[in-house]
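Protein chains in written order, with this note's numbering: chain A, 1 to 353; chain B, 1001 to 1353. Have a look at the structure below before the remarks.
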C-alpha cells in the first residue's frame, strides 16, 4: 500500500473538457458571459471534476488552531489565551464561523494543531497537537524540520478523513493569536515583498503597534536570512503549527481532486507555501475573498487571482470561505439546472443565428 | 380607509437604536469591525426593523417584465420576442433567476407589466399589463402620464400582496429587451451625466452597436428636453412599464419598512426615480452588486453607495439580488446567533480591558 504524503503529486485538472463545458455555458438562456465570475467558477469546477455535471458534496470547513511564540514580542493586541478560548467558542457553536457554517449546512471540524492548552474530547475537535505553541522565531526557528514534516503529514491525513466521509469541497480557516506575524514573514520571503508591505493591523493594532510589529519581523527576517528556494525550511522557521498543517491539508485535498476554498490572509499564506511545493494546486483553488488585512491583496496579486468577495472582512476562522460558498454552489447549479436556448424556445442573438 | 399610493410618505428608519445595535455588534466574539460590510448591513436591518434581533421573513423576488418601442431603432442585439420567451422560461423554472431563487428558498413572482404578448394564467404570474409595450420614445413619450400613474399604483399594490403574505425583504428584478436604453436615459437626466457615459453593451452589443445606441438616445434626449425637476414626467417620457411598476413597488416596500434588495442597472434606474420622489427610500436599500454594464458603477457612485458583490454580472432578472441575499441573511444571523465576549468567556483586547 502506498502512503500519500505532501509530496505525492497533484494531477493537473482536465483542460480537454473545457471546450465542451464552455459550449454548455454559452447555450444557457442568458447573453454570452452574462453570469461573469460564476461562469469562470463553473468552468473550473467542471474541469476539476472532469464532468459537464459537477456536484458539490458534503462541503466541509477545517479550522486549524495553534499558538505562536512570537506573541512574547507584543505583536498582537489580544492575549495568547484567546486562541484556546476561541477554540472553546467554536466547540460551543458561538463563533462567526459556526453561525455561517450552520447557515450553509457545512460540516465544521476544529483541529488543535498546537494550541497552548489541553482540550477534552469533543465531537467536532481533532487532537493533532504538535506542541503547545511554536517557539519565538525572533531568535530561532518556530519549529524543527521534524515538527514541520509531522504537521504536514497530519494535515494530509486529516483532510483525507473528510474526503472519505464524502466531501469534495473543503474550506480552510484558522485561529491563532499572533499568526498574522507568521503569515507576513512567509509572504515577504515567498513573494519577495518588503516586510513593511506585508504587515497590517491584524486583529486591531494601532499605528504604533504596526510599527513595532514591522520592526520585530524585520529583525526576525534579518536573523533567519532565508530565500524562497526551500519552502519547507521557510515554513519551519517562521510558520505556525496551524499553518503547516493547513499546507498539508490543502495539498491532500488537491491530490484527491477537491475544490479548495481559500479564506483570508493566513490561509493564503499557507497556500503560498503549498503552491511553492506543488504549483498545480492553484488549479483547484477558489479565492473566496480579499480581506481588509493590507497584505492580502498583494498576495492575491502575486498569485494572479481574483477573489469572489470584497467585504472588508478581517476575522479569519474561514469566515470568508463559508460566506463565498453559496456563490460556488450557484455556479454549479446554473450549469446543471438552467435551460438552454433550444430547451426553452428562446431566440438567440440576431447576429449569432 | 386611506389608500396608500406612491406619494404616501416613507418614514425614516429609527436611528435612535443605532448605538445599542453597535454595542451588540462590538461585543460579539471578534475583533472590532472584523465582519466589515456585514456589520454595516446588520446595523441597517436592525434600524429598519427597529429591533436588536431582526429577522428576515419569506424573502421574495419580484421580476417585472415589459417591452419597449425603442427596439425599432435597433438598440438591442436580441429580438423583442425574447421578452415573452423569457417570461415563459421564468414560469417553467429554467432561467438563472429560478435556479438561484430555488437555491435560497426565495419566493418568485413574475409580473407582466407590459409585454407584447398574452400569457395564460400561471401560479407565479401576475397580470398587470398596461399596454403591449411602450411607444418608441425617439419621437414621443414612451407612455402617457396616466399610464405611468397606473403602473406606479399597480406596483404599490403588487408589493403589498407580498408583504401581506409575510415577506419583509424584497428583491427587485426585471426583463425587457431594450430596457437598458430606458435606464440609460433615466440615468442621464436624473444623475446629470452625459448619455455617452450611461450607455453600455446591454445584452451584448459590439462597438458599432454601442455607437448607434448612443446616437439614437442622444436624439431622443434632444427631442424631449427634460430636466430632473419632475421625475414622473421623465419616467413617462423615457421609461418602461416594468421600470415604472418597479418604482411603485420599491416605494411601497419601503412604506411598509421592508429591506429592499436592489439588483443591477435597470433596477437601480428605477430606484433613481423612486429616490427622486422620496429620498428616504435609500435608507431601506441594500445594493446587491455592481454589474458589468458600464453605467451601473456611475449610478452607484451618484447614490454614494457600495454594492455587496462585484462579479461582472450583466444578466438582470434580479440575479444579483438573489445572489447577494445570503450575505444579508449572514449579517442578521451573526447579530442573533454569535456569542458575546462575556457569554463565551473570551478575553477582549488588552488595551480595551
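All residues carry an ideal CB built from backbone N, CA and C; glycine is no exception.
When Cβ-Cβ separations below 7 Å define contact, residue 59 of chain A makes no contact with chain B. For residue 164 of chain A, the uninterrupted alpha helix (DSSP H) run begins and ends at 145–164, by DSSP. Taken through DSSP and simplified to helix, strand or coil, residue 1010 of chain B comes out as coil. In the same chain as residue 1012 of chain B, and ignoring 5 residues on each side of it, the C-beta atoms closer than 8 Å to its own belong to 1280 and 1283, in chain order. Contact of residue 1100 of chain B with chain A is assigned, a C-beta pair being separated by under 7 Å.
Residue 297 of chain A is outside the set of residues whose beta carbon lies under 7 Å from a beta carbon in chain B. Residue state for residue 297 of chain A is assigned as helix, using DSSP reduced to three classes.
Counting C-beta pairs closer than 8 Å gives three or more between the stretch 1134–1142 of chain B and the stretch 1223–1239 of chain B, which meets the contact rule. Using a C-beta cut-off of 8 Å, the stretch 1169–1177 of chain B makes contact with the stretch 1077–1088 of chain B, since at least three inter-stretch Cβ pairs fall below that distance. By alpha-carbon distance to residue 150 of chain A, the top candidate from A/275, A/247 and A/264 is A/247. For residue 285 of chain A, the beta-bridge partners assigned by DSSP are A/260.
Those residues of the stretch 311–337 of chain A placed with their C-beta closer than 8 Å to a C-beta in chain B are 311, 312, 313, 314, 315, 319, 323, 326, 327, 329, 330, 333, 334 and 337, ordered along the chain.
Counting C-beta atoms within 10 angstroms of its own C-beta, residue 114 of chain A has 16 or more neighbours from the protein chains shown and is therefore classed as buried. Setting aside the 5 residues that flank it on each side, residue 302 of chain A is surrounded in the same chain by 191, each with a C-beta closer than 7 Å to its C-beta; the list follows chain order.
Under DSSP, residue 1188 of chain B shares a beta bridge with no residue.
For residue 1181 of chain B, no Cβ of chain A is located within less than 7 Å of the residue's own Cβ. With respect to chain A, the C-beta atom of residue 1160 of chain B has no partner C-beta closer than 7 Å. Among the residues of chain B, those whose CB is under 8 Å from the CB of residue 343 of chain A are 1094, following chain order.
Look at residue 1204 of chain B here: in three-state DSSP terms it is coil, with no helix or strand label.
Contact annotation for residue 231 of chain A against chain B: no contact, minimum CB-CB distance about 29 Å [criterion: below 7 Å].
Within its own chain, the residues whose Cβ lies closer than 6 Å to the Cβ of residue 242 of chain A, once the five positions on either side in sequence are excluded, are 64, 65, 66, 113, 174 and 176, listed in chain order. Under the three-state reduction of DSSP output, residue 102 of chain A falls in the helix class.
Within chain A, the residues whose beta carbon sits less than 7 Å from that of residue 1089 of chain B are 29, 339, 344 and 346, listed in sequence order. Look at the stretch 27–56 of chain A: the residues with a C-beta under 7 Å from a C-beta of chain B are 29, 30, 31, 32, 34, 35, 36, 37 and 38.
Straight through space, the alpha carbons of residue 1265 of chain B and residue 1193 of chain B are spaced by roughly 15 Å. Apart from the 5 residues on each side of it in sequence, residue 231 of chain A sits with its Cβ closer than 6 Å to the Cβ of 273, 276 and 277 in its chain, given in chain order.
Contact of residue 1082 of chain B with chain A is assigned, a C-beta pair being separated by under 7 Å. For residue 243 of chain A, the three-state secondary structure derived from DSSP is helix. A straight line joining the alpha-carbon of residue 1071 of chain B with that of residue 1209 of chain B spans about 12 Å. Where residue 86 of chain A is concerned, the enclosing alpha helix (DSSP H) starts and stops at 81–92.
Identification of residues in the stretch 1199–1210 of chain B having a C-beta nearer than 7 Å to some C-beta of chain A yields 1203 and 1204, given in sequence order. If you draw a straight line from the Cα of residue 1146 of chain B to the Cα of residue 1233 of chain B, it is about 11 Å long. For the C-beta of residue 86 of chain A, the chain B residues within less than 9 Å are, from N- to C-terminus, 1029, 1344 and 1346. Of the residues assessed, residue 121 of chain A falls on the exposed side of the cut-off, its CB having fewer than 16 other CB atoms within 10 angstroms. In this structure the stretch 322–331 of chain A lies against the stretch 286–298 of chain A, because at least three pairs of beta carbons, one per stretch, are closer than 8 Å. Where residue 1125 of chain B is concerned, the enclosing beta strand (DSSP E) starts and stops at 1125–1127.
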